[in-house]
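Under my numbering, the first residue of the sequence shown carries the number 2, and numbering increases by one thereafter. Just so it is clear, CB atoms sit at the ideal spot from N, CA and C, and this is done for glycine as well. Just below is one structure, and these are the notes that go with it.
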Amino acid sequence: MTEKQTEKQYPKSRGPSRKPKAPHGFEKNRGRIFRSEKKKSNKLSHSPSSQQDKLRIIVLGGCEEVGRNCTLFEYKNDIIFVDMGLQFPEEDMPGIDYIIPDMTYVKNKKKNIRGVVITHGHYDHIGGIPHTVPEIGNPPVYALPMAAGIIKKRQTDFQTSQINLKTVKTDDTLQLGVFKVSFVHINHNIPDSVAVVIDTPVGKIVHTGDWKFDFHPSGEKMPDFHKLAELGKNGVLCLMGDSTNANKPGHQTSEYVIGQELEGIIEKAPGRVIIGTFASLVSRVKQIIEISEKLGKKVALDGYSMKTNVEIAKQLGFIKCHNSTLIKPEQVDAFPEDKVVICCTGAQGEKNAALNRIANNEHRSLRIHKEDTVIFSSSIVPGNEQSVQRLKDTLYRKGANVVHYQMMDVHAGGHAMKEDVKLMLALVQPKYYVPIEGNHSLLRENAKVAYEMGWKEEFVPIPDNGQVLLCSKDKVEKTEEKVPSNYVFVDGLGVGDISQIVLRDRQVLAEDGMVVVIVQIDRKTGKLVGSPDIISRGFIFMKENRELIEMTRTKVKKAIVDKDPKSSADNNFIRNQLRSEIGKFLFKRTERRPMILPVVIEV
Numbered sequence: 002m003t004e005k006q007t008e009k010q011y012p013k014s015r016g017p018s019r020k021p022k023a024p025h026g027f028e029k030n031r032g033r034i035f036r037s038e039k040k041k042s043n044k045l046s047h048s049p050s051s052q053q054d055k056l057r058i059i060v061l062g063g064c065e066e067v068g069r070n071c072t073l074f075e076y077k078n079d080i081i082f083v084d085m086g087l088q089f090p091e092e093d094m095p096g097i098d099y100i101i102p103d104m105t106y107v108k109n110k111k112k113n114i115r116g117v118v119i120t121h122g123h124y125d126h127i128g129g130i131p132h133t134v135p136e137i138g139n140p141p142v143y144a145l146p147m148a149a150g151i152i153k154k155r156q157t158d159f160q161t162s163q164i165n166l167k168t169v170k171t172d173d174t175l176q177l178g179v180f181k182v183s184f185v186h187i188n189h190n191i192p193d194s195v196a197v198v199i200d201t202p203v204g205k206i207v208h209t210g211d212w213k214f215d216f217h218p219s220g221e222k223m224p225d226f227h228k229l230a231e232l233g234k235n236g237v238l239c240l241m242g243d244s245t246n247a248n249k250p251g252h253q254t255s256e257y258v259i260g261q262e263l264e265g266i267i268e269k270a271p272g273r274v275i276i277g278t279f280a281s282l283v284s285r286v287k288q289i290i291e292i293s294e295k296l297g298k299k300v301a302l303d304g305y306s307m308k309t310n311v312e313i314a315k316q317l318g319f320i321k322c323h324n325s326t327l328i329k330p331e332q333v334d335a336f337p338e339d340k341v342v343i344c345c346t347g348a349q350g351e352k353n354a355a356l357n358r359i360a361n362n363e364h365r366s367l368r369i370h371k372e373d374t375v376i377f378s379s380s381i382v383p384g385n386e387q388s389v390q391r392l393k394d395t396l397y398r399k400g401a402n403v404v405h406y407q408m409m410d411v412h413a414g415g416h417a418m419k420e421d422v423k424l425m426l427a428l429v430q431p432k433y434y435v436p437i438e439g440n441h442s443l444l445r446e447n448a449k450v451a452y453e454m455g456w457k458e459e460f461v462p463i464p465d466n467g468q469v470l471l472c473s474k475d476k477v478e479k480t481e482e483k484v485p486s487n488y489v490f491v492d493g494l495g496v497g498d499i500s501q502i503v504l505r506d507r508q509v510l511a512e513d514g515m516v517v518v519i520v521q522i523d524r525k526t527g528k529l530v531g532s533p534d535i536i537s538r539g540f541i542f543m544k545e546n547r548e549l550i551e552m553t554r555t556k557v558k559k560a561i562v563d564k565d566p567k568s569s570a571d572n573n574f575i576r577n578q579l580r581s582e583i584g585k586f587l588f589k590r591t592e593r594r595p596m597i598l599p600v601v602i603e604v
């Protein structure tokens, strides 16, 4: 599409001139599935729009981070969710396993929730389900076969209450209360990825999920360009689009190119080939298995999630191979080294993942050999640069030949780049475009792509988490209203019981350690009994700092001098006094602020 054509289609004064047609035929229903729906009229007679007649769209997660993707759609007494993902912890969240969306807003609206619709099976889109879905009244969860298989396995692993999981197909249509939901096949790096089309009383909303355009996908069809163009022809009020790679120029690399590159490396490798990738990159694992089988090589899979995902993909027929092709890691030494490919998790340098354990001689059966070729078939997740570099250094020291995506095309991202976003906008022609799924900077970069295509800023609202978008038949408005969208931390078996205060304490302990001050106090008089005990953990090494310990002990004695022998001991006052005085003293001596834990024992 030329620049002049774009200008003509999308006038400078507003968004695309075509107004979306409103859907019709809504029924109050918890969740009916209609198979292979044919074209139907999209006309709906509605009273003039009022505050109550507006659609509310609220992104509860994914608009200020990469992950925790969850979007809520609400019209009167009907609510649906698209995705229910998790976010992996940031560097300043010690001990946290992951973060899930905040369901506070729907706590008193459980009876209105008609369903949770899943775009694909990655954890940043499904990982919150075991925790959140039971909390919101266990509404039905709709997912395509691959995502449904992963959700079901995850529920088994968590041993949580059963959820109402319904497997759907791409050509199904769901009637979820007032919302009519259908799907469009798109590409990602996991099978059964879809964009979600939601017919609402105010117009058609399209949620892309994670997507890319791949003209040569691995084991899948191309995106349904015809259906996307049909949506644009009939009118779309709002497109909500993935921002993850929208800041990168060009088109996303095809999996076909990656397959060719991998085949060349595997074929020419003098010894074993060890490929580290994400367990969720099922399409990549499929390519590796098929290439290895074609070249007469055996494949050993390592990593619990990877083996689980491959088993699900085999059951669904997405991965097809001879049973003899797949071997166990402990069988590797029984075959010639140039006939073995090891596909494992750990390309991000994760401490307990397979590749890291192999590199550090901690794996029960695998070690790095001098002739091994190690391929990092993934990009580096921001924040993992140091751990990945350490892993590469270890592999190089052991003589391995290391290949990564910056050297050769051994990895393609699963997210649309600038030119892909332009094509999506040209096909769908939404009146409004809402960037989602990414840090705020990525959302802004995504918005810039729409500006280049002729959309004015007022037609590209950029929401924060929890911010309410109010939609009428001809307008999508970003309001000042915000609903709770706080981080809900999962730590072990605890969900939401870790607060910011607890995290702050963990950060203090990690940075400056703690000092425990134990004193014995006469219950009746409050007088100090005996000598105080001082314990340091992560602050100083006590054997080498005896002088400071003795000075601290003296300071403790002075801090709790009994000024009124006739009154009984006040434990709270003593603790606060110790915390204040010892904290000031240690900072003055060391310029560090350890956590002071006073322990008062009455005798």
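**Prompt:** Are the stretch 261-268 and the stretch 288-300 touching, with three or more C-beta to C-beta distances below 8 angstroms?
**Reply:** yes
**Message:** Relative to the C-alpha of I437, which candidate in E548, K457, L470 has its C-alpha closest?
**Reply:** L470
**Message:** So, under 8 angstroms CB-CB, D54 and T72 are touching, yes? Tell me the CB distance rounded to an integer number of Å.
**Reply:** Not really, about 20 angstroms apart at Cβ, beyond 8 angstroms.
**Message:** Per DSSP, what are the beta-bridge partners of E75 in this structure?
**Reply:** R57, I80
**Prompt:** Among K352, T346, E386, which residue has its Cα nearest to the Cα of V375?
**Reply:** Comparing Cα positions, the closest option is T346.
**Asked** Is it buried or exposed for V134, if we count other Cβ within 10 angstroms and need 16 for buried?
**Response** buried
**Message:** Output needed for C64: all residues of its chain with C-beta closer than 7 angstroms, excluding positions within five of it in sequence on either side, in chain order.
**Reply:** I437, L444, P464, D465, N466
**Prompt:** If you draw a straight line from the alpha carbon of T171 to that of V182, how long is it in whole angstroms?
**Reply:** 11 angstroms
**Asked** With a Cβ-Cβ cutoff of 8 angstroms, do S532 and R547 count as a contact?
**Response** no
**Asked** Per DSSP, which one or two residues make a beta bridge with V516?
**Response** S537, I597
**Message:** Under 8 angstroms: do the stretch 254-261 and the stretch 318-336 share three or more Cβ pairs, one atom per stretch?
**Reply:** no
**Prompt:** Contact check, N310 vs I151 under 8 angstroms by CB: the rounded distance?
**Reply:** With 8 angstroms as the limit, N310 and I151 qualify as a contact, their Cβ atoms being about 7 angstroms apart.
**Request:** Measure the alpha-carbon distance for I191 versus A280 and round it to whole angstroms.
**Result:** 10 angstroms
**Request:** Can you grab the Cα-Cα spacing for the pair E331 / R365, in whole Å?
**Result:** 8 angstroms
**Request:** Could you please give me the residues that DSSP links to L177 through a beta bridge?
**Result:** F180
**Message:** Just to confirm the assignment: which complete alpha helix (DSSP H) runs, minimum length 4, are found wholly within the stretch 266-326?
**Reply:** Listed in chain order, the complete alpha helix (DSSP H) runs (minimum 4 residues) inside the stretch 266-326 are 283-295, 305-316.
**Prompt:** Given S442, which residues of its chain have a CB within under 8 angstroms of its CB, disregarding the five upstream and five downstream residues?
**Reply:** N248
**Item:** Option nearest Y99 by Cα separation, candidates F490, T168, N70, F540
**Value:** F490
**Request:** Return the Cβ separation of K479 and V203 in integer angstroms, given the expectation that the two are a contact with Cβ distance under 8 angstroms.
**Result:** At roughly 16 angstroms, the Cβ-Cβ gap does not stay under 8 angstroms, so K479 and V203 are not in contact.
**Request:** Using only alpha-carbon positions, find the residue among Q88, G138, P102, I81 that is nearest to N1.
**Result:** Absent from the structure is residue 1, since the part of the chain shown begins at 2 and ends at 604.
**Message:** According to DSSP, simplified to helix, strand and coil, what is D215?
**Reply:** coil
**Request:** Pair every Cβ in the stretch 184-200 with every Cβ in the stretch 390-403, then say whether three or more of these pairs are closer than 8 angstroms.
**Result:** no
**Message:** Pairs of beta-carbons, one from the stretch 239-246 and one from the stretch 510-519, closer than 8 angstroms: are there three or more?
**Reply:** no
**Request:** Using 10 angstroms around the beta-carbon of F216, count the other beta-carbons present and answer buried if the total reaches 16, otherwise exposed.
**Result:** exposed
**Message:** Assuming T168 is part of the beta strand (DSSP E), what are its boundary residues?
**Reply:** 166-168
**Item:** Continuous beta strand (DSSP E) assignments of at least 3 residues falling wholly in the stretch 113-153
**Value:** Within the stretch 113-153, the complete beta strand (DSSP E) runs of at least 3 residues are 114-118, 142-144.
**Message:** Given this structure, state the Cα-to-Cα distance separating E420 from A149, to the nearest angstrom.
**Reply:** 31 angstroms
**Asked** Out of I583, D225, G68, V341, which has the shortest C-alpha to C-alpha gap to I519?
**Response** I583
**Request:** Please classify T157: is it buried, with 16 or more other beta-carbons within 10 angstroms of its beta-carbon, or exposed?
**Result:** exposed
**Element boundaries [alpha helix (DSSP H), containing T571]** = Per the sequence presented here, residue 571 reads as Asp, with Thr not at that position. Element bounds for D571: n/a, residue is neither H nor E.
**Item:** Meets three-Cβ-pair contact criterion under 8 angstroms: the stretch 195-212 and the stretch 229-236
**Value:** Short answer: they touch.
**Message:** My output table needs one value for Q88: the three-state DSSP class, helix, strand or coil.
**Reply:** Secondary structure at Q88: strand, using DSSP grouped into helix, strand and coil.
**Prompt:** When you compare each of K315, D173, L177, P140 to T162 by their alpha carbons, which one comes out closest?
**Reply:** The identity of residue 162 in the sequence shown is Ser, whereas the question assumes Thr. Considering only alpha carbons, the answer is P140.
**Item:** Reduced DSSP secondary structure (H/G/I, E/B, other) of V354
**Value:** Residue 354 is actually Ala in this sequence, not Val. Coil at A354, not helix or strand.
**Prompt:** Quick one: is V530 buried, meaning 16 or more other Cβ sit within 10 Å of its Cβ, or exposed?
**Reply:** exposed
**Message:** Quick check: Q253 and M425, are their CB atoms within less than 8 angstroms of each other?
**Reply:** No, these two residues do not count as a Cβ contact at 8 angstroms.
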